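Structure first, then comments.
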Amino acid sequence: MTVTTLVVCTAISAYELLVHFLFAGQVTGTVHVSVIIILGSLAAVLGAFFALRQYEHLRRHTIREIDLRKQAEDSQSKLLFKTHQLEQANQELVNQVTERIETLRQLKEQERFLSSIFESIQDGICVVDTHLVIQAVNPMMERCYAHAMPLVGKKCYEAYHGASAPCEICPTQETLKTGKSAYRNVPKTGPQRKVLGAQDLYSFPLFDSSTGQLKGVIEYVRDITEQKRLEEQLRQSHKMDAVGQLAGGIAHDFNNLLTSILGYVVLAGEPASARPDGAPTLHLSTGARP
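Per my numbering, the very first residue in the sequence shown carries number 2; after that it's consecutive.
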């Protein structure tokens, strides 16, 4: 029960009690009647006042509830708007992640494709930096220099030639100085710096695509040992052909000379009557004395 209700009820009870006393003859006189009437009016006013106060309280409470409901509706609207924005941002993030995953997949495919090409080349490929340190090699280089494995991380002249200083005939150093491709024919060495053959060494500059600065050299190595052997055989064959042609010419000239000599010998052995007119007379000595 509220305070207002309690006050109103008390005022009404007091008014009823006074009326009871009036009609019971316990209260007499005009003054007493006036007092009773005033008290009754006061009770009625107090009741109306408290009733009005209760109404004002209810009105404020109702207005507060309406404001709270409106705030709740506004908050819900904002929440829905923020939720929609979050869903859009989440969808954009999902799209970006999907695109990035696809990009990474394509990059990996390209990397595998380039790696397969790098590994399938049947000549040696070596990548060195500006300090002649090996950065990458293909399987052919690893097979050719298996005795010096691992190659990556070593100086090229240490790994390939067992040297302690750069080679004098080095196209790679020329490329580092000029920024242009170069070529040299260099010996192919094995363990203990044993020369096993020959190889063509091509060097190509490697530039940084973002800065344009020279960042290393790509070496292309082709083993020409068998080619050199065949060329040497061909040179020896040409020499033998020349010697054969020279010997054939000498033999031909000697045969012509020998034929003339034999002809004169035969002619000298015939009787003088059988000789042609003007033929010289040859006297052959048998070596026996008369």
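Virtual Cβ for every residue (Gly too), placed ideally from N, Cα, C.
All of these numbers come straight from a predicted model, not from anything done at the bench.
The continuous beta strand (DSSP E) containing Y203 extends over residues 196–208. Rounded to whole angstroms, H62 and S78 show a C-alpha spacing of 24 Å.
As the crow flies, the alpha-carbon of L215 is around 6 Å from that of D209.
Per DSSP, the unbroken beta strand (DSSP E) holding Y221 starts and ends at 215–224. A Cβ-Cβ distance of about 7 Å is found for the pair G125 and N139, placing them in contact under the 8 Å criterion.
Ranking L235, A199, G217 by CA distance to the CA of R223 puts A199 first. In this structure, the beta-carbon distance from K156 to L177 does not fall below 7 Å. When only Cα atoms are considered, Y184 and L247 end up about 39 Å apart. Short of 6 Å from the beta carbon of S238, and not among the five residues preceding or following it, lies no beta carbon of its own chain. Within the DSSP bridge table, the entry for R65 names no partner. When secondary structure is reduced to three states using DSSP, Y184 falls in the strand class. In this structure, DSSP gives G125 an extended state, which the three-state scheme calls strand. Between P192 and H148, the C-beta gap is smaller than 7 Å, which places the two residues in contact. Separation of L231 and L202 (C-alpha to C-alpha, rounded to the nearest whole angstrom) is 19 Å. In this structure, the straight-line span from the alpha carbon of C171 to that of E112 is close to 30 Å. Spanning the alpha carbons of S204 and M142 requires a straight line of approximately 15 Å. Beta-bridge pairing by DSSP links A137 to V128. DSSP, read as helix, strand or coil, puts T190 in strand. It is roughly 22 Å from the alpha-carbon of A160 to the alpha-carbon of S182.
A Cβ-Cβ distance of about 6 Å is found for the pair V129 and T173, placing them in contact under the 8 Å criterion.
Residue state for K156 is assigned as strand, using DSSP reduced to three classes. In the structure shown, the three-state DSSP call for E169 is coil.
In this structure, Y146 is the residue among Y146, E120, E93, H58 with its C-alpha nearest to the C-alpha of T190. A straight-line Cα-Cα distance of about 22 Å links T84 and L69.
Take the alpha-carbon of V98 and the one of L105: they are about 10 Å apart. Note on geometry: alpha-carbon atoms of L115 and I219 lie some 15 Å from one another.
For I135 against L152, the beta-carbon gap comes to about 5 Å, under 8 Å, which counts as contact. It is roughly 33 Å from the alpha-carbon of N186 to the alpha-carbon of G245. S78 sits in a helix when the DSSP states are folded into three classes.
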